[in-house]
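Novice: Mind looking over this structure? Questions follow.
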Amino acid sequence: MEILANLGIFLLMYVLIYGIYHIIKKLKNKERRLTRNRFYIPLILGIVFFSIGAPSLDSGLQQEYDKVVEQNKEMTSELGIVKSQVEELDEKYKNLEKDYKELKTNKDDSSSKLTEAQDKNKKLEETNKELEAKIAELDEKNKSLDDQINDLKQATASNTESSSSNNSSKQQSSNTNTSTNTASTTKSSKQQSSSSSTSASTVSNIENFANCTELRKVYPNGVDSSHPAYQAKMDRDKDNFACER
Numbered sequence: 056m057e058i059l060a061n062l063g064i065f066l067l068m069y070v071l072i073y074g075i076y077h078i079i080k081k082l083k084n085k086e087r088r089l090t091r092n093r094f095y096i097p098l099i100l101g102i103v104f105f106s107i108g109a110p111s112l113d114s115g116l117q118q119e120y121d122k123v124v125e126q127n128k129e130m131t132s133e134l135g136i137v138k139s140q141v142e143e144l145d146e147k148y149k150n151l152e153k154d155y156k157e158l159k160t161n162k163d164d165s166s167s168k169l170t171e172a173q174d175k176n177k178k179l180e181e182t183n184k185e186l187e188a189k190i191a192e193l194d195e196k197n198k199s200l201d202d203q204i205n206d207l208k209q210a211t212a213s214n215t216e217s218s219s220s221n222n223s224s225k226q227q228s229s230n231t232n233t234s235t236n237t238a239s240t241t242k243s244s245k246q247q248s249s250s251s252s253t254s255a256s257t258v259s260n261i262e263n264f265a266n267c268t269e270l271r272k273v274y275p276n277g278v279d280s281s282h283p284a285y286q287a288k289m290d291r292d293k294d295n296f297a298c299e300r
């Protein structure tokens with residue numbers, strides 16, 4: 056049916072073109088007339104064929120229209136979906152923009168805290184350097200004090216040795232004088248003279264110290280039981296050695 060309609064349209068177009076051609080020719084030749092075979096028959100057939108095939112054209116156009124309407128509905132539905140997606144994306148964008156502002160604020164806070172921490176670290180480093188300098192200064196002073204203490208110990212030891220030698224020489228001279236005096240005054244009896252000289256010698260050789268502090272000034276390392284300065288009360292651990300260090 057669509058073929059007949061298309062054929063009718065073709066015949067009508069032919070008749071229209073032929074009519075225009077005939078009018079142009081008739082302007083030159085007024086006696087020219089339309090022929091039946093070239094004008095009327097194609098005109099009649101074109102009208103008949105178009106009339107028969109027109110309903111099919113209408114149904115085809117309706118189908119095309121329905122198809123376009125359906126596509127329009129689909130596009131409208133898709134457009135609604137796209138619009139909803141756009142709204143969701145817009146909402147996400149707003150949330151992201153809000154998160155970005157919060158992150159920027161947190162970043163600024165973190166930067167300020169980092170700067171503050173760096174300043175504190177610098178101050179601590181400076182304080183540490185000052186403490187190290189003071190420690191080095193104290194070490195130098197401590198070494199100087201140690202040297203002074205060692206010097207004093209050496210001086211004390213030398214003084215102790217010289218004092219011990221002086222005491223020994225004095226003790227020997229005292230013993231000599233005592234023996235001489237005893238010999239001259241005890242001529243009557245040898246036994247009495249011998250016992251008197253022995254007693255005087257023993258008494259003169261004994262060195263008495265009030266305590267270990269006084270004894271260590273003369274004998275820094277203490278004395279054993281055979282020494283004249285030994286006293287049992289100063290031998291605390293009873294090992295026959297008094298005032299040992």
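Residue numbering for the sequence shown follows our numbering, starting at 56 and increasing by one per position. The C-beta atom is built at its ideal place from N, Cα and C for all residues, glycine as well. Quick caveat: nothing in here was measured; it's all calculated off a predicted structure.
1) Taking a contact to mean a Cβ-Cβ separation below 9 Å, would you say Phe94 touches Ile64 in this structure?
2) Within 10 Å of its beta-carbon, does Tyr274 have 16 or more other beta-carbons around it, so buried, or fewer, so exposed?
3) Hey, Ile261 and Ala297: beta-carbon distance below 9 Å or not?
4) Starting from Cys267 and walking both ways along the alpha helix (DSSP H), at which residues does that stretch end?
5) Below 8 Å on the Cβ atoms is my guess for Lys272 versus Thr215; work out the distance and round it to an integer in Å.
6) Inspect the beta-carbon positions of Tyr69 and Pro97 and report whether they are closer than 9 Å.
7) Roughly how many angstroms lie between the CA atoms of Arg291 and Lys198, to the nearest whole one?
8) Specify the secondary structure class of Asp279 as computed by DSSP and reduced to three states.
9) For Ser248, which of helix, strand or coil comes out of DSSP?
10) Only counting the same chain, and skipping five residues up and downstream in sequence, which positions put a Cβ closer than 6 Å to that of Lys175?
11) For Leu66 versus Gly101, is the C-beta spacing smaller than 9 Å?
12) Within 10 Å of its beta-carbon, does Ala212 have 16 or more other beta-carbons around it, so buried, or fewer, so exposed?
13) Helix, strand or coil for Phe1 per DSSP?
14) How big is the Cα-Cα spacing for Asn266 and Met289?
15) Taking DSSP as the reference, what is the three-state secondary structure of Glu86?
Specialist: For this structure:
1) no
2) buried
3) Contact: no.
4) Looking at the DSSP string, the run of the alpha helix (DSSP H) that includes Cys267 is 267-273.
5) The Cβ separation is near 7 Å, so the contact holds.
6) Cβ distance < 9 Å, so Tyr69 and Pro97 count as in contact.
7) If you take the alpha carbons of Arg291 and Lys198, they lie about 35 Å apart.
8) strand
9) With a pLDDT of 39 at Ser248, under the threshold of 50, the modelled position of that residue is not reliable, and the figure given next carries that caveat. Here Ser248 sits in helix by DSSP.
10) Nothing listed; no residue qualifies.
11) yes
12) exposed
13) Residue numbering for the chain in the displayed model covers 56 to 300; residue 1 lies beyond these limits and cannot be assessed.
14) 7 Å
15) In this structure, Glu86 counts as coil in the three-state DSSP scheme.
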